[in-house]
Every structure is written in structure tokens, then in C-alpha cells.
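J.: I have a structure I would like to understand better, so I am pasting it below and will then ask my questions one at a time.
6 protein chains.
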Amino acid sequence: MATVALIQYENASPEVRAVFDDIKRTRNVPDVNNFWKALANQPETLRRIWETLRPIMAPGALDPLTKEMLYIAVSIANNCEYCVHSHTASARAKGMTEEQYAELLAVVGMAAQTNALANGLKVPVDPAFLAGQQR
Amino acid sequence: MATVALIQYENASPEVRAVFDDIKRTRNVPDVNNFWKALANQPETLRRIWETLRPIMAPGALDPLTKEMLYIAVSIANNCEYCVHSHTASARAKGMTEEQYAELLAVVGMAAQTNALANGLKVPVDPAFLAGQQR
Amino acid sequence: MATVALIQYENASPEVRAVFDDIKRTRNVPDVNNFWKALANQPETLRRIWETLRPIMAPGALDPLTKEMLYIAVSIANNCEYCVHSHTASARAKGMTEEQYAELLAVVGMAAQTNALANGLKVPVDPAFLAGQQR
Amino acid sequence: MATVALIQYENASPEVRAVFDDIKRTRNVPDVNNFWKALANQPETLRRIWETLRPIMAPGALDPLTKEMLYIAVSIANNCEYCVHSHTASARAKGMTEEQYAELLAVVGMAAQTNALANGLKVPVDPAFLAGQQR
Amino acid sequence: MATVALIQYENASPEVRAVFDDIKRTRNVPDVNNFWKALANQPETLRRIWETLRPIMAPGALDPLTKEMLYIAVSIANNCEYCVHSHTASARAKGMTEEQYAELLAVVGMAAQTNALANGLKVPVDPAFLAGQQR
Amino acid sequence: MATVALIQYENASPEVRAVFDDIKRTRNVPDVNNFWKALANQPETLRRIWETLRPIMAPGALDPLTKEMLYIAVSIANNCEYCVHSHTASARAKGMTEEQYAELLAVVGMAAQTNALANGLKVPVDPAFLAGQQR
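Encoded structure:
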């Protein structure tokens with residue numbers, strides 16, 4: 001249960017409806033997800049998040065499926081239950097196969113493990129990494 | 136500075152040298168990174184991590200560059216300084232362009248933001264996400 | 271469901287009842303929240319947490335509402351579902367308006383985003399920050 | 406050392422300079438901090454972050470100092486070294502006293518502790534919290 | 541609800557059944573937990589996790605109960621609800637008393653608090669710690 | 676570099692000196708660590724942390740070395756560099772062998788990995804875990 005009421009389209013202000021309409025049009029869906037209905041209590045945040053999220057997730061140097069998988073990886077590491085579910089669903093809708101999903105989780109789990117080992121051992125960064133990065 | 140001494144090849148046991156040799160051969164590098172030199176204090180862990188990491192990062196349903204970018208995303212979220220530097224260097228060595236890197240960071244940052252919003256608002260998961268996932 | 275049984279007042283030991291009574295008196299509430307009922311399985315921890323929490327959340331150089339909002343911010347970042355709900359309720363009880371809540375969440379979300387960007391880019395700390403802090 | 410070169414004003418593109426100029430004007434400072442110089446490698450992200458951060462941190466229902474303290478709280482929880490230093494410096498520049506800073510840290514530390522206890526005991530959310538939040 | 545279907549023994553492939561059988565034999569339990577039934581969608585990960593987890597949790601320089609308590613501590617800090625419940629149950633099955641559990645939680649909570657304080661104050665590491673660690 | 680000046684004994688107030696003296700006496704050390712010198716800027720927090728930390732880390736149902744190892748585990752998961760170094764040094768001073776340290780890190784790393792997998796797959800908690808915990 002959210003800390004705010006979920007705002008349905010029929011009860012939304014014109015400002016909120018405009019964002020909902022754009023989300024539905026862009027994603028070709030009949031209704032927006034709960035995330036947007038919760039954010040609609042804060043119309044300025046709703047508009048800002050949508051307007052910045054849309055171009056970031058659009059095709060670019062990275063394809064949309066890769067972006068969804070990166071989103072899943074971060075959401076797992078930050079343990080956002082809503083985001084894990086919503087972006088796993090989105091990635092599948094964009095064609096993620098179960099083989100890709102298995103490899104994604106294997107990488108995320110292995111990264112969590114070696115992150116812990118490197119943070120526990122406090123391994124100093126190799127100078128070679130730094131030298132190659134300043135370009 | 137690490138919590139353990141970094142073990143150089145010339146001081147390593149035959150068991151450790153065998154792992155170091157395999158890392159160098161697999162990656163075609165003249166020496167292993169500090170992470171492995173620190174792990175070499177715990178030879179069983181060194182061997183296990185390398186033997187499980189190698190196949191996970193190999194080409195599969197996801198290509199090696201995508202895997203490196205997922206690794207960066209998790210390492211940022213877990214804030215592992217060593218891992219951020221080492222996997223950013225690896226991703227670049229595997230061809231990550233600066234445009235791809237910019238989009239990777241934009242997605243990771245946006246995910247961190249919406250993770251916080253969803254966790255703060257405690258948005259309930261849409262039933263539609265769950266229905267689609269049980270296959 | 272908790273990992274321990276929730277201890278109700280009528281089943282509590284005198285030691286636990288004394289803490290429960292002090293919480294109810296201090297907060298002017300008819301019963302304590304589940305957090306305290308769960309902690310009551312560990313009476314020494316119950317007493318210690320209450321006795322240290324009470325003065326920290328009392329009016330001081332920061333007012334109680336600001337303190338509740340800081341508590342919410344940390345609880346979101348650590349993703350403590352119980353704490354997000356309990357402190358959001360407390361902040362509202364102390365007068366947090368929906369406009370303040372919206373700004374709180376906007377700051378928390380933006381901070382999560384720039385934290386990720388700074389951790390990803392590994393931005394070196396400006397010497398000017400450090401110089402100004404040593405006083 | 407960053408994963409990218411820090412871009413100085415004299416080497417910046419007109420697009421980047423325009424953002425740098427706006428930051429310097431808004432904050433009345435002679436130069437921008439390293440965070441912006443690192444982000445300048447990704448001009449679109451630089452522009453987006455600045456244009457969304459500026460209004461969020463402006464005076465509103467919450468005053469700028471409260472916002473800086475919330476930023477510090479999140480940055481500590483996410484352990485962003487750069488952000489802790491930069492926002493602690495900003496909060497002091499906006500008038501945070503050492504007494505306020507002490508209370509801020511006490512709240513953040515106590516929240517981290519009770520977050521861990523609630524997450525460890527898996528305390529169920531009190532129905533009363535939820536009932537009061539749906540408005 | 542999981543992002544994948546839970547695979548029951550009767551519907552499992554021979555490869556998955558072999559792992560399930562080994563888990564049941566090693567732990568002397570009539571069925572495997574949900575974690576393994578979910579992982580069974582990714583048979584290679586199922587096998588790898590079980591084959592690496594089993595020796596790590598076996599008696600060694602640390603006894604199995606200490607290992608379970610360390611697992612609980614990490615699971616709380618990473619806020620993995622499933623893992624907190626499963627490893628708290630395992631620790632109790634291995635003899636963890638309620639007094640030990642209370643002290644475990646007290647240490648975890650205190651560590652979370654001083655972690656936040658040290659990260660907030662950015663305390664520099666004492667040279668003496670480093671000197672003693674390089675052996 | 677800390678966000679505050681480190682307060683040395685000779686410049687400390689009588690209130691701070693009393694805490695420093697108790698730390699030195701309890702631990703039989705000639706000087707306190709940087710953590711306490713930083714906290715000394717906030718004398719009330721210094722006193723409170725020391726007075727609550729001391730009994731929690733004292734021998735009880737868990738021995739002091741087990742407590743130090745739990746502290747290390749949490750500090751790694753929260754990525755507190757200072758705390759990882761200070762508690763690794765403390766654990767070694769209390770007799771942690773390199774074999775124990777290796778097993779500690781192996782458990783912490785494995786826990787981080789399975790935490791990520793369980794959080795990614797959103798595995799539902801087995802009812803059997805919950806049934807056994809309510810006592």
C-alpha cells in the first residue's frame with residue numbers, strides 16, 4: 001500500500017492527464033502503471049520524471065532492451081521491489097529471452113559478490129585503469 | 136591500501152600461479168590486476184571466483200560488452216570503487232564508446248532516482264506485471 | 271510477518287511495560303507500534319533504543335519535523351519499508367504538508383541520482399570543500 | 406581520479422559553457438565544482454542534471470538549508486564520498502551550525518540503526534500507518 | 541510473487557532434479573526451499589550456486605552457526621527479505637539461542653549506526669590499522 | 676580528510692577527555708582511534724556511542740571475536756571504508772586467523788550474491804520459515 005492514494009485518470013487534473021496521455025501514447029498502452037498514479041500526487045515531479053525518463057530510455061547509442069536490463073540491474077542492487085517487477089516485465093515485452101534473463105542475473109549476482117570481496121579486501125585501484133580513463 | 140598484502144607472481148604458490156596463468160592466457164594480458172593479487176591470499180576463493188567468473192562473462196545470450204556494462208551498473212549501485220574503475224576500463228577495452236558510456240550513466244542515474252521515488256512512495260506492484268512473469 | 275512474536279502489553283514483563291509506558295506517555299498514544307512490540311523480545315535492546323532515540327528526536331537545534339524528514343530520507347535510501355511508513359506517518363502527524371512531502375521526495379530522488387553519477391564518474395573531491403570543513 | 410577528464414571552462418564547448426555560466430551566476434561562484442567538470446563530458450546529462458537540480462534545490466515549501474541536510478542524509482546512506490563533502494560544505498555555506506550538524510548526524514546514525522533492526526526483525530507495518538496515508 | 545514460476549520436483553528436468561536431490565540429502569530435508577525452485581529456471585545458475593554455497597557453509601575454520609549469523613548480518617544490510625527469513629530460520633535450526641539472536645541484532649544495528657557516522661564524518665583511516673594488516 | 680577537525684586529547688574538553696580515558700582504559704591502548712577524535716566534535720554523540728557500543732561488544736552470548744566478524748560483515752555490505760579497516764584490525768587483534776578471515780569473506784561474498792539473486796527473482800518467503808519463527 002502506497003503512502004499516497006493512486007490517482008486514476010478520471011480523477012486527475014488536466015496537468016496530470018496531459019502527462020498520462022503522453023505516457024499512454026508513447027508506450028501504446030491503455031493505462032499508466034501504479035508508479036505514475038502515485039507520482040501524480042506531485043504533478044511537478046510526475047512531469048519532470050516522465051520528461052527526463054522518456055529520452056533516456058529511447059533508442060540511442062544503446063538499444064532499449066540493453067537499457068531495460070541496466071535498469072533491472074540497478075533496481076536489484078538498490079532492492080526496489082516495484083522497479084524490479086516493472087522493468088523485468090518491460091524487458092520481456094521488449095524481447096528479453098529467458099536465456100538473456102538468466103545471464104543478466106548471473107552477472108548481477110557475480111558483480112554483487114566481487115563488489116563485496118573488493119570492498120572487504122579494500123583492493124587499491126590499479127594505476128593502469130586510471131591511466132587509460134583520462135581521455 | 137588493502138587489508139592483505141598483494142601477492143606477486145614470483146612469490147605465489149604453484150596453486151595460485153596456475154590461476155594467474157589461466158587469467159593471463161584467457162585475457163591475453165602480461166599480469167593480473169590487483170583484485171586477483173589480493174584474493175591470492177585466499178587461494179581457494181581465488182580459484183572459485185575465477186572459475187565461476189570466466190564462463191559468466193564469456194559470450195552467450197548477452198555479448199561481453201553488455202555484460203561489462205551491467206557489471207558497471209551494479210558496481211556503481213553498490214559503490215565499489217575498485218570495481219567501477221576496473222569494469223569501466225574493461226568495457227572501454229571491449230569497445231564501449233563515450234556515447235554508450237554517457238547513456239549507461241544516464242540510465243543508472245535515472246534508475247537510482249526512480250528506485251528512491253518508488254521506495255519512498257511504496258508503490259504497490261501492478262498485478263499485470265506479476266501475471267506476465269509466471270511462465 | 272516478523273521473525274519474532276509481537277509482544278502485547280498484557281503479556282509483557284514489568285521491564286518491558288516500563289518502556290512501553292514511557293513511550294505511550296511521551297508520545298501521548300494509547301499503544302506502542304509494532305516496532306516496539308517486536309523489539310520487546312530483546313528487552314535490553316528495547317530499552318537502549320528508546321532511551322537513545324527519545325532525546326535525539328526531541329526539539330533541539332533542529333525541529334522535530336525536520337528530524338522526521340531526515341529519518342524518512344535515510345529510510346528510503348536504506349529501503350526500510352517499515353521505517354518509511356512509520357516515519358512518513360509521524361512526519362504528517364507533526365504537520366508535514368503534501369507540498370513539503372513532494373519536495374522531500376524530489377530532493378531524495380535527485381540526491382540518489384547524483385550520488386550514482388558521482389560514484390560512477392568517481393569525481394575527485396574539490397580541495398575547497400576540505401579546506402572549509404576543518405574548523 | 407575520475408573515469409573521465411575534468412573539463413575546464415577554457416576547453417569547454419559553447420553548450421557546456423552556457424551551463425557553466427548559469428551555475429556560476431546562480432550560485433555566485435567564480436568556477437564550477439569538479440562534479441560539473443566531470444559531467445561536462447556528457448553535455449546532455451550536464452544540462453539535464455543542472456536544469457532539474459536548480460528548481461528542486463530552490464526555496465519552496467522547504468527552505469534551502471533543510472534541502473541540503475536531506476541531501477547529506479541520502480549521500481551518507483548511499484555512501485557517496487564526493488556528495489557528502491560537497492553538500493556538507495554547501496550546508497555550512499547556507500548557515501548550518503555545528504549544533505545542527507551534530508543533530509543531523511545523530512538522526513542519520515539512529516535511523517541507520519533502527520532501519521537495520523526493523524529490516525532484521527521484519528516488523529509488519531502497522532495498519533494505522535497505512536490508514537492515515539491514503540488521502 | 542516471483543518473476544519466474546517456481547519449479548516443483550515433479551516438473552523438473554533430470555539436471556535440476558540432481559541438484560534438488562543433493563540439496564535434500566545434504567540438508568536432510570523433504571523438499572527444497574523456494575529459492576532453489578525459482579533458481580531452477582536457470583539450471584546452470586542453480587547448479588553453480590549450490591556447488592559453491594555448499595562448501596562455503598560447511599564446517600571449517602568457522603563453525604556453521606557463525607556462518608549463518610554472518611549471512612543474516614549481510615542479508616539485513618542488503619535488505620533481502622527472503623534471505624533474512626531463510627537464514628534466521630537456518631540459524632535457529634542450528635541452535636542459535638534467542639540471547640545470541642538479540643546480540644547479533646544489537647551488533648548489526650550498532651554497526652549500521654557507526655558506519656553512517658564514519659561515512660558522514662569521512663573519518664580518515666588510522667595508519668596503525670593499515671600497518672598491521674599487511675602480513 | 677574528515678568533515679571536521681580531529682580533536683586530540685590535549686585539546687579536548689574535560690567531558691571529552693573522560694570518554695577518551697574510558698576508551699583507553701577499557702581497550703588498554705595509549706590513544707583513541709580517529710573515529711573517536713572526529714566524534715569528539717559532537718561530545719554528546721561521542722559519549723552516547725561509546726556508552727552503547729561498549730556493552731554491545733563485550734563478551735556475552737556471543738564471544739567478542741564473533742561480534743567483530745559480524746561488524747566486518749555489515750561494514751563491507753554498507754561499504755564503510757573506515758569501519759572495514761578498523762574492525763578487520765580489531766578482529767585480528769582478537770585472534771582472527773587468516774583461515775577464519777578467508778571464510779568470513781567467502782560467506783560475505785556468497786551472501787551478497789544470493790541476496791542479489793533472491794531480490795532479482797523476488798522469491799516468495801517459504802511459509803515454513805515464518806511458522807518456525809513465531810515463538
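Chains as they are written, first to last, in the working numbering: chain A, 1 to 135; chain B, 136 to 270; chain Y, 271 to 405; chain U, 406 to 540; chain D, 541 to 675; chain R, 676 to 810.
From the three backbone atoms N, C-alpha and C, an ideal C-beta is built for every residue, glycine too.
Indicate the three-state DSSP secondary structure (helix, strand or coil) for B/S148 in the structure shown.
T.: Locating residue 148 of chain B in the second sequence gives position 13, where the first residue counts as 1. B/S148 falls in the coil class under three-state DSSP.
J.: Mapping DSSP to helix, strand and coil, what is B/V139?
T.: Translated into positions along the second sequence, residue 139 of chain B becomes position 4. The answer is coil: DSSP assigns B/V139 none of H, G, I, E or B.
J.: Could you list which residues in chain U have their beta carbon closer than 8 Å to that of Y/D292, in chain order?
T.: The residue given as residue 292 of chain Y occupies position 22 in the third sequence. Residues of chain U passing the Cβ test: none, with the nearest at roughly 17 Å.
J.: For chain Y, find out if any of its Cβ atoms is closer than 8 Å to the Cβ of U/V421; answer yes or no.
T.: As a working note, residue 421 of chain U is residue 16 in the fourth sequence. False, the Cβ-Cβ gap to chain Y never drops below 8 Å.
J.: For my contact list, D/L645 and Y/Q278 are in at a C-beta cut-off of 8 Å; report their separation, rounded to the angstrom.
T.: One-based indexing of the fifth sequence puts residue 645 of chain D at position 105. One-based indexing of the third sequence puts residue 278 of chain Y at position 8. Not confirmed; about 21 Å, so no contact.
J.: Given a cut-off of 8 Å on the beta-carbon distance, is the pair D/V544 and D/A598 in contact?
T.: For the purposes of this step, residue 544 of chain D is taken as residue 4 along the fifth sequence, with counting starting at 1. For the purposes of this step, residue 598 of chain D is taken as residue 58 along the fifth sequence, with counting starting at 1. Contact: no.
J.: Mind checking U/N484: buried by the 16 CB within 10 Å criterion, or exposed?
T.: Stepping through the fourth sequence from its first residue, residue 484 of chain U is reached at position 79. U/N484 is buried by the Cβ-count criterion.
J.: With a Cβ-Cβ cutoff of 8 Å, do D/M650 and R/L728 count as a contact?
T.: Working through the fifth sequence from its first residue, we reach residue 650 of chain D at position 110. Working through the sixth sequence from its first residue, we reach residue 728 of chain R at position 53. Yes, the Cβ-Cβ distance between D/M650 and R/L728 is below 8 Å.
J.: Whole angstroms is fine: what's the gap from R/Y776's alpha carbon to A/L121's?
T.: Residue mapping note: residue 776 of chain R aligns to position 101 of the sixth sequence, counting from 1. Residue mapping note: residue 121 of chain A aligns to position 121 of the first sequence, counting from 1. If you take the alpha carbons of R/Y776 and A/L121, they lie about 10 Å apart.
J.: Write down the C-beta distance between B/L205 and A/V84 rounded to the nearest angstrom, noting that I regard them as a contact closer than 8 Å.
T.: Within the second sequence, residue 205 of chain B is the residue found at index 70, counting from 1. Within the first sequence, residue 84 of chain A is the residue found at index 84, counting from 1. Their Cβ separation, rounded to whole angstroms, is 14 Å, which puts B/L205 and A/V84 out of contact at 8 Å.
J.: How far does the alpha helix (DSSP H) with Y/L335 in it reach, from first residue to last?
T.: As a working mapping, residue 335 of chain Y is identified with position 65 in the third sequence. Residues P334 to A347.
J.: If we count the other Cβ atoms within 10 Å of its Cβ and call it buried at 16 or more, is R/T772 buried or exposed?
T.: Start at 1 with the first residue of the sixth sequence, and residue 772 of chain R comes out as number 97. Exposed: under 16 other Cβ atoms inside 10 Å.
J.: Which word fits Y/T336, buried or exposed, when buried means at least 16 other C-beta atoms lie within 10 angstroms of its C-beta?
T.: Taking the third sequence and counting its residues from 1, one reaches residue 336 of chain Y at position 66. The residue in question, Y/T336, is buried, as its Cβ has 16 or more Cβ neighbours within 10 Å.
J.: Using a Cβ cut-off of 7 Å, pull out every chain D residue sitting near A/A106, in sequence order please.
T.: Indexing the first sequence from 1 puts residue 106 of chain A at position 106. Under the 7 Å cutoff, chain D gives T585.
J.: Less than 8 Å between CB atoms is the rule here; does R/N686 satisfy it with respect to chain D?
T.: Counted from its first residue, the sixth sequence places residue 686 of chain R at position 11. Chain D contact via Cβ: absent.
J.: Hey, B/E216 and A/V125: beta-carbon distance below 8 Å or not?
T.: Sequence index remark: in the second sequence, residue 216 of chain B carries index 81 (1-based). Sequence index remark: in the first sequence, residue 125 of chain A carries index 125 (1-based). The answer is yes: Cβ separation under 8 Å.
J.: Please list, in chain order, the chain Y residues whose beta carbon lies closer than 8 Å to that of B/E281.
T.: Because chain B here runs from 136 to 270, residue 281 of chain B falls outside it and cannot be looked at.
J.: Tell me the rounded alpha-carbon separation between R/A677 and Y/N281.
T.: On the sixth sequence, residue 677 of chain R is found 2 positions in, with the first residue counted as 1. On the third sequence, residue 281 of chain Y is found 11 positions in, with the first residue counted as 1. CA-CA distance, R/A677 to Y/N281, rounds to 48 Å.
J.: At a CB distance below 8 Å, what residues from the region 79-97 of chain A approach chain D? Give them in sequence order.
T.: N79, V84, H85 and T88
J.: Comparing alpha-carbon positions, which option in Y/Q383, Y/K364 and Y/L400 lies nearest Y/N298?
T.: Start at 1 with the first residue of the third sequence, and residue 298 of chain Y comes out as number 28. The shortest C-alpha separation from Y/N298 is found at Y/K364.
J.: Which residues in the same chain have their Cβ closer than 8 Å to the Cβ of B/N250, if we skip the five residues on either side of it in sequence?
T.: In the second sequence, residue 250 of chain B corresponds to position 115, counting from 1. Within its own chain, no residue has a Cβ closer than 8 Å to the Cβ of B/N250 once the five positions on either side in sequence are excluded.
J.: Thinking C-alpha only, which one of R/V798, R/P802, R/A806 and R/S761 is nearest D/A668?
T.: On the fifth sequence, position 128 is the one that residue 668 of chain D refers to. With distances taken between Cα atoms, D/A668 lies closest to R/S761.
J.: Closer than 8 Å, Cβ to Cβ, to anything on chain U: give me those residues from the region 389-400 of chain Y, in chain order.
T.: N389, G390, L391, K392, V393, P394, V395, D396, A398, F399 and L400
J.: How is R/T772 classed by DSSP in three states: helix, strand or coil?
T.: For this step, residue 772 of chain R is matched to residue 97 along the sixth sequence. R/T772 falls in the coil class under three-state DSSP.
J.: Just verifying my parser: in three-state terms, what is the DSSP assignment at U/Q518?
T.: Here residue 518 of chain U refers to the residue found at position 113 of the fourth sequence. DSSP places U/Q518 in helix when its eight states are reduced to three.
J.: Does chain A have any CB closer than 8 Å to the CB of D/T654?
T.: Position 114 of the fifth sequence, counting from 1, holds the residue named residue 654 of chain D. Judged by the 8 Å Cβ criterion, D/T654 is not in contact with chain A.
J.: Could you check whether Y/W320 and Y/D301 sit closer than 8 Å to each other, using their CB atoms as the reference points?
T.: Within the third sequence, residue 301 of chain Y is the residue found at index 31, counting from 1. Within the third sequence, residue 320 of chain Y is the residue found at index 50, counting from 1. No, these two residues do not count as a Cβ contact at 8 Å.
J.: Measuring only between beta-carbons, confirm whether A/Q42 sits less than 8 Å from chain Y.
T.: Position 42 of the first sequence, counted from the start, is the residue given in the question as residue 42 of chain A. So, interface residue.
J.: For D/G600, does the three-state DSSP call read helix, strand or coil?
T.: Counted from its first residue, the fifth sequence places residue 600 of chain D at position 60. Three-state DSSP puts D/G600 in coil, outside helix and strand.
J.: Grouping DSSP H, G and I as helix and E and B as strand, with all else coil, what is U/V528?
T.: In the fourth sequence, residue 528 of chain U corresponds to position 123, counting from 1. It is coil, neither helix nor strand.
J.: Quick check on this structure: which residue in R/A793, R/I751 and R/F695 has the alpha carbon closest to the alpha carbon of R/W711?
T.: As a working mapping, residue 711 of chain R is identified with position 36 in the sixth sequence. It is R/F695.
J.: Given that D/A642 touches chain Y, what residues does it touch there, using C-beta distances under 8 Å?
T.: Your numbering for residue 642 of chain D matches position 102 in the fifth sequence. Simply N311, Q312, E314 and T315.
J.: Quick check on DSSP: helix, strand or coil for D/V572?
T.: Indexing the fifth sequence from 1 puts residue 572 of chain D at position 32. Reduced to three states, the DSSP call for D/V572 is coil.
J.: Classify B/R270: buried if its beta carbon has 16 or more other beta carbons within 10 angstroms, exposed otherwise.
T.: As a first step, residue 270 of chain B must be located in the second sequence, where it is residue number 135. Residue confidence is low: B/R270 scores 48 on pLDDT, short of 50, so the model does not pin down where it sits. Its coordinate-derived value is still stated next. Residue environment analysis places B/R270 among the exposed positions, since fewer than 16 neighbouring C-beta atoms fall within 10 angstroms of its C-beta.
J.: Starting from B/I184, find everything on chain A with Cβ-Cβ shorter than 9 Å and list it in chain order.
T.: As a first step, residue 184 of chain B must be located in the second sequence, where it is residue number 49. M110, Q113, T114 and L117, listed in chain order.
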